[in-house]
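Quick note, the sequences are listed as chains C and W, same order. If you're matching positions, the first sequence starts at 1 in UniProt numbering and goes up one per residue. If you're matching positions, the second sequence starts at 1 in UniProt numbering and goes up one per residue. Glycine is no exception: its CB is placed at the ideal position from the N, C-alpha and C atoms.
Protein chains: 2
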Amino acid sequence: MAHDAPVSPLAPQHTPEPGPVEGVRFATAAAGIRYKGRTDVLLLAMDAGTTVAGVFTRSKCPSAPVEWCRDNLASGTARALVVNSGNANAFTGLKGRESTRLTAEIAAKALGCAQNEIFLASTGVIGEPLDATKFDGVLAETAARLAPVPWIEPARAIMTTDTFPKVATATAEIGGVAVTITGIAKGAGMIAPDMATMLSFVFTDAPIAAPALQALLSDGVVDTFNAITIDGDTSTSDTLMLFATGAAAKRGAPAIASAADPRLAAFRIALDEVLVNLAEQVARDGEGARKLVRIHVTGAVSKQSARRIGMSIANSPLVKTAVAGEDANWGRIVMAVGKAGEPADRDLLAIRFGDITVAKEGMRDPSYDEAEVSAYMKNDVIDIGVDLGLGHGADRVMTCDLTKDYVAINGDYRS
Amino acid sequence: MAHDAPVSPLAPQHTPEPGPVEGVRFATAAAGIRYKGRTDVLLLAMDAGTTVAGVFTRSKCPSAPVEWCRDNLASGTARALVVNSGNANAFTGLKGRESTRLTAEIAAKALGCAQNEIFLASTGVIGEPLDATKFDGVLAETAARLAPVPWIEPARAIMTTDTFPKVATATAEIGGVAVTITGIAKGAGMIAPDMATMLSFVFTDAPIAAPALQALLSDGVVDTFNAITIDGDTSTSDTLMLFATGAAAKRGAPAIASAADPRLAAFRIALDEVLVNLAEQVARDGEGARKLVRIHVTGAVSKQSARRIGMSIANSPLVKTAVAGEDANWGRIVMAVGKAGEPADRDLLAIRFGDITVAKEGMRDPSYDEAEVSAYMKNDVIDIGVDLGLGHGADRVMTCDLTKDYVAINGDYRS
Numbered sequence: 001m002a003h004d005a006p007v008s009p010l011a012p013q014h015t016p017e018p019g020p021v022e023g024v025r026f027a028t029a030a031a032g033i034r035y036k037g038r039t040d041v042l043l044l045a046m047d048a049g050t051t052v053a054g055v056f057t058r059s060k061c062p063s064a065p066v067e068w069c070r071d072n073l074a075s076g077t078a079r080a081l082v083v084n085s086g087n088a089n090a091f092t093g094l095k096g097r098e099s100t101r102l103t104a105e106i107a108a109k110a111l112g113c114a115q116n117e118i119f120l121a122s123t124g125v126i127g128e129p130l131d132a133t134k135f136d137g138v139l140a141e142t143a144a145r146l147a148p149v150p151w152i153e154p155a156r157a158i159m160t161t162d163t164f165p166k167v168a169t170a171t172a173e174i175g176g177v178a179v180t181i182t183g184i185a186k187g188a189g190m191i192a193p194d195m196a197t198m199l200s201f202v203f204t205d206a207p208i209a210a211p212a213l214q215a216l217l218s219d220g221v222v223d224t225f226n227a228i229t230i231d232g233d234t235s236t237s238d239t240l241m242l243f244a245t246g247a248a249a250k251r252g253a254p255a256i257a258s259a260a261d262p263r264l265a266a267f268r269i270a271l272d273e274v275l276v277n278l279a280e281q282v283a284r285d286g287e288g289a290r291k292l293v294r295i296h297v298t299g300a301v302s303k304q305s306a307r308r309i310g311m312s313i314a315n316s317p318l319v320k321t322a323v324a325g326e327d328a329n330w331g332r333i334v335m336a337v338g339k340a341g342e343p344a345d346r347d348l349l350a351i352r353f354g355d356i357t358v359a360k361e362g363m364r365d366p367s368y369d370e371a372e373v374s375a376y377m378k379n380d381v382i383d384i385g386v387d388l389g390l391g392h393g394a395d396r397v398m399t400c401d402l403t404k405d406y407v408a409i410n411g412d413y414r415s
Numbered sequence: 001m002a003h004d005a006p007v008s009p010l011a012p013q014h015t016p017e018p019g020p021v022e023g024v025r026f027a028t029a030a031a032g033i034r035y036k037g038r039t040d041v042l043l044l045a046m047d048a049g050t051t052v053a054g055v056f057t058r059s060k061c062p063s064a065p066v067e068w069c070r071d072n073l074a075s076g077t078a079r080a081l082v083v084n085s086g087n088a089n090a091f092t093g094l095k096g097r098e099s100t101r102l103t104a105e106i107a108a109k110a111l112g113c114a115q116n117e118i119f120l121a122s123t124g125v126i127g128e129p130l131d132a133t134k135f136d137g138v139l140a141e142t143a144a145r146l147a148p149v150p151w152i153e154p155a156r157a158i159m160t161t162d163t164f165p166k167v168a169t170a171t172a173e174i175g176g177v178a179v180t181i182t183g184i185a186k187g188a189g190m191i192a193p194d195m196a197t198m199l200s201f202v203f204t205d206a207p208i209a210a211p212a213l214q215a216l217l218s219d220g221v222v223d224t225f226n227a228i229t230i231d232g233d234t235s236t237s238d239t240l241m242l243f244a245t246g247a248a249a250k251r252g253a254p255a256i257a258s259a260a261d262p263r264l265a266a267f268r269i270a271l272d273e274v275l276v277n278l279a280e281q282v283a284r285d286g287e288g289a290r291k292l293v294r295i296h297v298t299g300a301v302s303k304q305s306a307r308r309i310g311m312s313i314a315n316s317p318l319v320k321t322a323v324a325g326e327d328a329n330w331g332r333i334v335m336a337v338g339k340a341g342e343p344a345d346r347d348l349l350a351i352r353f354g355d356i357t358v359a360k361e362g363m364r365d366p367s368y369d370e371a372e373v374s375a376y377m378k379n380d381v382i383d384i385g386v387d388l389g390l391g392h393g394a395d396r397v398m399t400c401d402l403t404k405d406y407v408a409i410n411g412d413y414r415s
C-alpha cells in the first residue's frame, strides 16, 4: 500500500519539531476502524475557553463530519478534535449522522465537556458505515495519555497516502507578548477505493474571539490552501480548522475581539506563513509528484481572473504531463490560458519558465534558447510565469506534475 | 512516434468506404511542412454554389486558420478546404495571419476561385511560423489529381496521434430525393510538442442555404462533439465544418432556405447520426484509451446542469483512473458530482454501472454485489448512470479512461 511508497523527492529536508502550544495536548490510538493494530485515531484536547474557526470543502455532497463541524462552529468554542482514518464517513446517509453524534458523545464523556465542543474529521473509505462504537473505551483510554508534544505524532496519525508528515510553525507578538502558531496537514492522497482528502489543523495560544478567528482563517485560506491543486478533484471531506486556546492571555497577551485590530498585523503574517508552508507541503506530496510547479499569473484583468487562468494551467493534464517530461511546452500553456474563458489577447501574451522568456507578443521569443530552458526543466521546482498584458490582476497557484505513478496509485490495476 | 502506436482496442471493427458526395473531390500531397516525404496536405475542392457552416474552438487564443475561417464564413460560400499537418499555425502572431492569406492565395490560384472561398485548418507544432510558400506548386499539382473517392484518403491525411481513420456516412431524403452526408474526423491526439486538435469536416450534396446549414450544425454539435472530452483540455484549433454542394438539386431535391423547414426532419436525424458517430470515434481514440465511458445524468434541475455534472465526472482524473483500473469506484463519482457546483442532494443520489445500481438514497445499495460489478468493469464500453433525483434535466457525455499510456504519450520523457 501507499504507506510503503518511497518518500517524495520533493519532501522538505527537515521536519520541524515545535514545542507545545499551551492549552493543546494529544494522543493517538488504534481503534481497528478498518485494519487491526494500525494507528487510526487522533484525540486532541484543548483547554476550556478555546475558540474555533473552520473552512470546509465546497462539495455539494459533503461528508457527515463536515456537516457536524459546520453545525457546531456556531458556538465558537472547542474542547477536542477527533480524527480517524480508515473510513471517511462520507455518503453514508442518515447512519453517517448517527456515527458523528455517537463519536462526539463518546469523546465528550472521555473529556468531560459538551458534545457540541467536539470537532470531527474522517478520512478513508467512502460509502461504508462508520461503526462509532469502536471508539467506546478507546477514547477514554487515549484521554489518559494526552501530552503536548511531539507534533510529529498527530502529523503522522492523519497521513493516508502522504509520503511524509507535514508540520509547520511560526511565532508572532500580540501586544508585545509572544504567541505560537503550529499546524499539521495531510495531503490529497488516495488509496483506492478511499477518497482523497485534505485535512489541516492549526493551533495557537493567542486569545482571539471566534468571529475574528474565522475572519483571519477565511482570509488566510485564499492564497494558501485554496491556491493549490493536485488534480482538480475536490474531496467530500476537505477540512481546515484553526483553534485558539487563549493561554497566552495568562502571559499578558491582550484579548482580541476583531480581525481588524491592528495588533494582529504580525499574527496575520505568521498565520499566512504557516498556512502557505503547509499548503506547499501538500502540493509537494501530490500523488506521484516529481516536481512542484508554481504558476505566477500577471497582467490579468483582475486577481480573480488571474486565479482562474492559473488554475486552468495548473489543472491541465497536458501541461502537467509536459512538466513531468521536462518539456518546456509553452504551446500547452497557451492552450490552457485560452480555455480558461477569461479575457486574454493572444498577441499580448508572454510566457516564462523561471527567468527565461520563451514567448512574448503572441509569438516565440526570437532569443529563446532551447538548451537553456531544457536545463531549467530538470529542476525540482518549476516556476511558470504568464503575463496577459491586459491589466494589474496577479495571482500565484501551486500544483505538481502528472506522472505515470499518479495513474498507478489511483488506477488500482487490480487483477 | 505515435503513428506507429498500435490501433486502439476500441476502434470500430469496420471503416465504412462511402461513395462520392456529388460535387466534392480531393487529393493529398507531401509538401514537406515539417518532415520530408510525409503526406501532410489535404486539398478538397467543391463545386461552385457550395454553402458552408462552421463551429470552432471556444479558446480565447485561437489559431490563425480558425480566425481565417471565422472571417470567411460570413460569405456563406466555399470552394475548397486545405488542411495541413506538421504545423498548427497557432500562436504565430502577425506572421500567422500572413501564412493563412498566402495559403489561400495559392489555393485560389490552383482552383480558379476567390480567396475568401478557401477554408483552412492546420494541426501540428504550435508557435512555429508556417512557411506557406511550401504550398506553392504543390497545391496546383494536387488540384490536377482530384478524385471523389476513396474517403479513407482524406481521413488518413488529417490524422496525427489517431490510431485509426475516422469516417461516417448516412443518407436521408429531402422532398423525396436521396441526399448523402459523409464526414471525416481526427481526434484529440498529441505528439509533444504539438498541440492536440479535433478537426472534423462533413459534406453533403443537399441544397441548403448557408444560414440554415449553420443552424443545423450549431444544433447538431451540442450533443455530439461538444459532449465528448478526452482530458478537459481545449485546442486552439478545434474546427468542425459542414459543406453543402447542392448537387442533389439537379436530381430534384428542393432548395432549403430555413432550418425550420419540415422537409429537413430526416436530414437532421442523418446529420446527428454522422456527428455522433464521428464524435464517438474520437472518444474511442483518446490518447492511451482502453475504455469508452458514457455518462448518463438524469434527474438534474436542467439539461445544462446535467451537462456540467456529466463533464465534471468525465474530466475527473480520479474517476478516469478508476475506470482504467476496472474499479467501480462510485465514491469518486460522488466526489465529482459534489465538485460540479450544481444543485445536488447527497441523500437523493443514485449511481449505476451498466444496469447495476451500486448506490441509492445517498448510501451504498444494500443489494449491491461487488463480484457482479467487477465483472461489468472488464467491458470495453462502460456506462455510468447518475440520477440526481431533483428534476427532469438529463444529458449524456462521452469520454475515455486515463491510463499510463496517456502520460507516456503526452509526457514525452525525453532524456
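Assuming residue 417(W) and residue 146(W) make a contact with CB atoms under 8 Å, what is their CB distance in whole Å? Here chain W covers residues 1 to 415 and nothing more, so residue 417(W) does not appear.
By DSSP, does residue 249(W) sit in helix, in strand, or in coil? helix
Examine the Cβ distances between the stretch 251-270 of chain W and the stretch 332-352 of chain W and report whether three or more of them are shorter than 8 Å. no
Residue-level contact to chain C via CB, residue 240(W), 9 Å cutoff: Answer no: the Cβ-Cβ gap between residue 240(W) and chain C never drops below 9 Å.
Which stretch, first to last residue, makes up the alpha helix (DSSP H) that contains residue 267(C)? 265-284
Drop a sphere of 10 angstroms on the beta-carbon of residue 333(W), count the other beta-carbons inside from all chains shown, and report buried for 16 or more, exposed for fewer. buried
Who are the neighbours of residue 361(C) on chain W, taking C-beta pairs under 7 Å? 93
The stretch 344-356 of chain W in contact with the stretch 259-272 of chain W per 3-pair CB rule at 8 Å: no
Taking 9 Å as the threshold (beta carbon to beta carbon), is residue 407(C) in contact with chain W? yes
May I have the straight-line CA-CA distance separating residue 3(C) from residue 163(W), to the nearest angstrom? Confidence at residue 3(C) is low in this model, with a pLDDT of 43, below 50, so the placement of that residue is unreliable and no value is reported for it.
Under 7 Å between beta-carbons, which chain C residues line up against residue 356(W)? List them in chain order, please. Residues of chain C passing the Cβ test: none, with the nearest at roughly 15 Å.
Segment contact, 8 Å Cβ cut-off, at least three pairs: the stretch 277-288 of chain C with the stretch 275-292 of chain W: no
Could you tell me which whole beta strand (DSSP E) segments of length 3 or greater appear in the stretch 330-358 of chain W? With a minimum length of 3 residues, the unbroken runs of beta strand (DSSP E) contained wholly in the stretch 330-358 of chain W fall at 350-353.
Per the DSSP calculation, residue 311(W) is bridged to which residue(s)? Paired residue(s): none; residue 311(W) is not in a bridge.
Does residue 338(C) have its Cβ less than 9 Å from a Cβ in chain W? yes
Near residue 216(W), what residues of its chain come up, given a Cβ to Cβ distance below 8 Å and the 5 sequence neighbours on each side ignored? Contacts found: 53, 208, 242, 259, 264, 267, 268 and 271.
Can you tell me whether residue 35(C) is buried or exposed, with buried defined as 16 or more other CB within 10 angstroms of its CB? Counting C-beta atoms within 10 angstroms of its own C-beta, residue 35(C) has fewer than 16 neighbours from the protein chains shown and is therefore classed as exposed.
Contact defined as beta carbons within less than 8 Å: I believe residue 87(C) pairs with residue 125(C). What is the distance between those atoms, to the nearest angstrom? 5 Å
Who are the near neighbours of residue 141(W) in its chain, counting only those whose CB is closer than 8 Å to its CB and skipping five residues on each side? Within its own chain, the residues whose Cβ lies closer than 8 Å to the Cβ of residue 141(W), once the five positions on either side in sequence are excluded, are 29, listed in chain order.
In chain order, what residues of the stretch 321-332 of chain C put their CB closer than 9 Å to some CB of chain W? 321, 322, 323, 324, 325, 326, 327, 328, 329, 330, 331 and 332
Presumed contact (8 Å Cβ cut-off) between residue 402(C) and residue 323(W), rounded CB distance: Contact flag wrong, Cβ pair sits at about 17 Å.
Taking the alpha-carbon of residue 387(W) as reference, which of 27(W), 248(W) and 348(W) has the nearest alpha-carbon? 348(W)
Please state the DSSP three-state secondary structure of residue 400(C). Residue state for residue 400(C) is assigned as strand, using DSSP reduced to three classes.
Say whether chain C places a C-beta atom closer than 9 Å to the C-beta of residue 302(W). no
Chain C contact residues for residue 89(W), given Cβ-Cβ distances below 9 Å: Per Cβ cutoff of 9 Å: no residues; residue 89(W) is ~12 Å from chain C at best.
Output needed for residue 96(C): all residues of its chain with C-beta closer than 6 Å, excluding positions within five of it in sequence on either side, in chain order. 64 and 89
Which two residues bound the contiguous beta strand (DSSP E) that contains residue 33(W)? Segment: none, residue 33(W) is in no beta strand (DSSP E) and carries neither H nor E.
Any heavy atom of the ligand FAD inside 8 Å of the beta-carbon of residue 174(W)? Summarising the ligand content, the structure contains no ligands, and the ligand FAD is consequently not present.
For residue 99(W), three-class secondary structure by DSSP: helix
Which chain C residues sit within Cβ distance under 8 Å of residue 334(W)? Here the neighbours are 61, 90, 91, 126, 127 and 236.
Would you say residue 372(C) faces chain B, with C-beta separation under 9 Å as the test? This model lacks chain B altogether; the protein chains it does include are C and W.
Consult DSSP for residue 58(W) and reduce its assignment to one of helix, strand or coil. coil
Starting from residue 166(W), trace the beta strand (DSSP E) in both directions and tell me its first and last residue. Residues 166-174.
Here's the rule: buried if 16 or more other CB atoms are within 10 angstroms of the residue's CB, otherwise exposed. What is residue 70(C)? exposed
So, at 6 Å on beta carbons, what are the nonlocal neighbours of residue 295(C) in its own chain, with the 5 sequence-adjacent residues on each side left out? 310, 313, 314, 384 and 397
So with Cβ pairs under 9 Å, would you call residue 346(W) a contact of chain C? yes
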